[in-house]
Every structure is written in structure tokens, then in C-alpha cells.
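Residue numbers (our numbering): 1 to 147.
Using N, Cα and C, we set each Cβ at its ideal position, and we do this for glycine too.
Following this line, the structure appears as C-alpha cells:
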């Protein structure tokens, strides 16, 4: 079944993403693509970040020793991968090889309802000037801006 019209017509591709034998999908709150059209699936599973090529062939996975509670994912212009972790109250930045480069927030330490970051952050966006906007939606009900 196709949706849309003109050059914006989309069709569902059944069973996208071929996981390695024995692996299972978990809850998937986020997905993003890098500059090479690789697809990063961010899930609450044993393998939290799984990477596929545009055809759904498995390429890699990482984050097993760091990522705990997937929520939002963003890939910037340099193919850095930004992961929002809801229950750990932090944002993590990885390079495209899966090496942790930055953590914003203190893992497992939530802010108060008075606006201190973070209390169950949900997602982030990056402006053209590199500023970060992080939604702290569940516990703080606000957006934090970092420049």
C-alpha cells in the first residue's frame, strides 16, 4: 500500500531490519539516519543501538555497556549520535564508531520539578548554530537550551 503523492509517495517495506540470529527487538522509541543513509534503531533491549544499511542489512550494534533506557535519538551533520536516556536522566553523545564523547546530565540523578535538568528527558534537536534544545517533558515539562 502506498501513501502520499508525487515524489513524496511512500510504501511499507515488510520486515525491515534483519537482526542477527537469536536477537529480538525490544521497544523502539527512536530511529534516525546518518549521512550515508544507515538506519540507527534505538531500543529498550539487550542491544540498545542497532545499525542497518538502507536495505535493512545488519551492520553493527553498540551501547550495550552504556545505554540503559532509550527514548530519543538524533544524528548531527558530523554523524555524531545523540541518545536521550529517560530513566537515567541524561543525554549521551557518541561518535559514529560508538565511542562515548559526552554526557549531559548526571546519570541516575534526576533534577527537581523546579526546572533543574533533567527529570525524564525525552528528545533533542540541534539548531544550525549548534545550539541544543532538549525536551525534559515528563518530569520538568520544559525545554532546556544549551549554547
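One question on the structure: do residue i and residue j come within less than 9 Å of each other, judged by their Cβ atoms?
{"i": "residue 148", "j": "residue 42", "result": "No answer is possible for residue 148: it lies beyond the span of the chain, which begins at 1 and ends at 147."}
{"i": "residue 142", "j": "residue 105", "result": "no"}
{"i": "residue 120", "j": "residue 89", "result": "yes"}
{"i": "residue 58", "j": "residue 16", "result": "no"}
{"i": "residue 48", "j": "residue 63", "result": "yes"}
{"i": "residue 39", "j": "residue 19", "result": "no"}
Go ahead and label residue i buried or exposed: buried means 16 or more other beta carbons lie within 10 angstroms of its beta carbon, across all protein chains shown.
{"i": "residue 61", "result": "buried"}
{"i": "residue 27", "result": "exposed"}
{"i": "residue 85", "result": "buried"}
{"i": "residue 133", "result": "exposed"}
{"i": "residue 54", "result": "exposed"}
{"i": "residue 110", "result": "buried"}
{"i": "residue 135", "result": "buried"}
With a threshold of 8 Å (Cβ to nearest heavy atom), would residue i be considered close to the ligand SAH?
{"i": "residue 10", "result": "This structure lacks the ligand SAH, and indeed carries no ligand of any kind."}
Thinking C-alpha only, which one of the options is nearest residue i?
{"i": "residue 97", "options": "87, 80, 48 and 107", "result": "80"}
Just checking my contact of residue i with residue j at CB under 8 Å: how many whole Å lie between their CB atoms?
{"i": "residue 93", "j": "residue 101", "result": "5 Å"}
Residue ranges of each beta strand (DSSP E) run of no fewer than 3 residues wholly in the stretch 31–65, ordered along the chain?
39–44, 49–52 and 58–62
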